[in-house]
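Have a look at the structure below, then the notes.
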Amino acid sequence: MHSVTSQVDLARGSASTLREQIPSLSQEQQRCLDTIRDSHERALEAMKCVSHYARPLGRFQKVNLQTLTKAVLVEGLPIKYECEWQEVFVSGSEVRLKEAVRNVVINAKQAADKRDRSVNLRVTLQKVTQEGRVFARLEIIDDAGGMPGGLAEKISKGYYSTLKGYDSTQGDSDRGLGLPIVKKVVAGHGGRLEIRAVPNGTSIIMYLPALASVGESLDADAAAGR
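This is the structure we're talking about:
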């Protein structure tokens, strides 16, 4: 990854040198150098996302999912939200779970920005029982305008950004892995991710195996599958 980054930086540096050495650029030459600059920024962001996608989950511990989610919501993003939740504990990587929740929130904010609108989130966290197992069900619903038909399935499968699907006629490019990172983190914790279209928005639901009680002991290595 480092060698690839170096080559991308070299291309950007060469473009900057040309800009400095040529006193007067034609409109076409200026456009080409601007394209190199923009491509450089997108390439660096894509490589950063791939690096995050490949990161291991790390050591598991007992995590208060309510506290973790609240910490993400108050990090400073210009969003409005309302919550209906209960205290639920899961076993997992606090860092990677926080990253997953943050990706969902940022994804909604970016989608709203794409449409020049503010975003409101409705967050629900509760315990549910499915097939005899207890899960933490964390749902984040946004009103960012929703996704085109079939896009949720593409996002769930892997390298696809929601930003590509909103207006493909404008030449928008992928800006990251976003929800596929969320899917990988959730799956790594023994859970599953659901993406649903709702009126004027999108619902992201994370199911994570919940600890049966607050006082339940946790064998971190066993929980992490090691």
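The sequence shown begins at 110 in our numbering and counts up by one. Quick reminder that beta carbons are idealized off the backbone N, C-alpha and C, glycines included. All values reported here derive from a predicted model rather than from experimental measurement.
Just measuring C-alpha positions, the residue of Asn212, Gly310, Glu196, Val197 sitting nearest Lys293 is Asn212. DSSP, read as helix, strand or coil, puts Arg224 in coil.
Under DSSP, Thr238 shares a beta bridge with Val243. Between the segment 309-317 and the segment 180-188 there are fewer than three inter-stretch CB-CB distances shorter than 8 Å, so the stretches are not counted as touching.
Between Gln235 and Arg246, the C-beta gap is smaller than 8 Å, which places the two residues in contact. Distance between Val291 and Gly167, taken at the CA atoms: about 15 Å. Only buried fits Val232, as 16 or more other CB atoms lie within 10 angstroms of its CB. Assignment of Ile249 by DSSP, reduced to helix, strand and coil, places it in the strand class. The three-state secondary structure of Gly297, taken from DSSP, is helix. The three-state reading of DSSP puts Pro308 in coil, since its state is none of H, G, I, E or B. Minimum Cα-Cα distance from Val237 among the listed residues Asp143, Leu320, Arg140 corresponds to Leu320. Counting every other CB atom within 10 Å of its CB across the protein chains shown gives Gly241 a total below 16, marking it as exposed.
Taking the CA atoms as reference points, Leu302 sits about 24 Å from Asp222.
Straight-line measurement puts the Cα of Pro318 at about 9 Å from the Cα of Phe198. About 16 Å separates the beta carbon of Met315 from that of Ala180, a gap too long to meet the 8 Å contact definition. Within a 10 Å sphere around the beta-carbon of Thr176 sit fewer than 16 other beta-carbons, which makes this residue exposed. Proximity to Pro257 across Ile131, Arg305, Val172 peaks at Arg305, based on C-alpha coordinates.
In the DSSP assignment, Gln170 falls within the beta strand (DSSP E) that extends over 170-173. Cβ contact annotation for Glu184 (same chain, cutoff 8 Å, sequence separation greater than five): Arg211, in chain order. DSSP lists Phe244 as the bridge partner or partners of Pro318. With at least 16 other beta carbons inside 10 angstroms of its own, Ala253 counts as buried. For Ile215 and His298, the gap between their C-alpha atoms comes out near 21 Å. Taking a 10 Å sphere around the C-beta of Asp143, we find fewer than 16 other C-beta atoms and assign the residue as exposed.
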